[in-house]
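Data first, discussion second: the structure below is written as structure tokens.
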Amino acid sequence: MQFTTFAAISALCHSTLATAVSSSSGLTPLCNEPTQLCNIDPSKYIGDWYEIGRTAIIRGTFESGCDCVQAKYAFKPDGDIQVTNTCVKNQKYSTIVGNAHPLSPSELKVTFSPAGFNGGIGTFFQNLIPGPNYVVKNVWTDADGNYERALIVSPLYIPGIEKYTESIWILSRNSSIPQADIDESLAYATAAGFHPVQSKWEPTDQTTCAKYVPGN
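Rendered as structure tokens:
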């Protein structure tokens, strides 16, 4: 996948968001107001997701040195959501389990243990965001209404460098998606006030993952 240029993102902010049209993969955005919260149905969001790409600050936590990043979300009896992240690091399968506490249909407070979340650095960043640190900004649905792609953001406002410390993820039910769908997601993030270029969004390698996953 090629890294999307700032010019391409800016141009797509107007063409992509003007009308609710299907993406190149036939998916339709659930929401079309980037500055508003999206009314996500958690029951459609749980399950398995592949990470298509993420920004630099995420690559400094559990995901440091990781390829083949995946996430699994499952309801817990108390109403919270168990978060299980897996990746391949140094050619070995690695996993971390956390908890997501819903604050609204699209906003979660996600926490991981300090040891698993890259020690003190991870704890520092978790505590820096007192409110929701995982916001499902939009999802793209298939013809049956299933959630197939998601844009996740997490604002971290450090005055003067806030553009460089934002977290932006693109997740998909498939391990790869068309570049046009990546561009569409990043354009939505830009229209919502986020900065994929300055925060160094990059694709996640999902090309050689099967041989590392237990059972494959």
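Per mature numbering (1 follows the signal peptide of the UniProt record, and there is no 0): the sequence shown = residues -18 to -1, 1 to 198. All C-beta atoms, glycine included, are put in the ideal place defined by N, C-alpha and C.
- Counting along the chain, the unbroken beta strand (DSSP E) around S149 starts and ends at 149 to 154.
- Secondary structure of L19 (DSSP, three-state): coil.
- Taking C-beta atoms as the reference points, A171 and L133 count as a pair closer than 8 angstroms.
- Uninterrupted beta strand (DSSP E) stretches at least 3 residues long and entirely within the region 65 to 92 occur at 74 to 86, given in chain order.
- Taken through DSSP and simplified to helix, strand or coil, T37 comes out as coil.
- For K119, there is no enclosing alpha helix (DSSP H); the enclosing beta strand (DSSP E) covers residues 116 to 123.
- Rounded to whole angstroms, the Cβ separation of N156 and L12 is 18 angstroms, and the two are not in contact under 8 angstroms.
- Judged by their CB atoms, W31 and L153 are nearer to each other than the 8 angstroms cut-off.
- G35 places its beta carbon less than 8 angstroms from that of P185.
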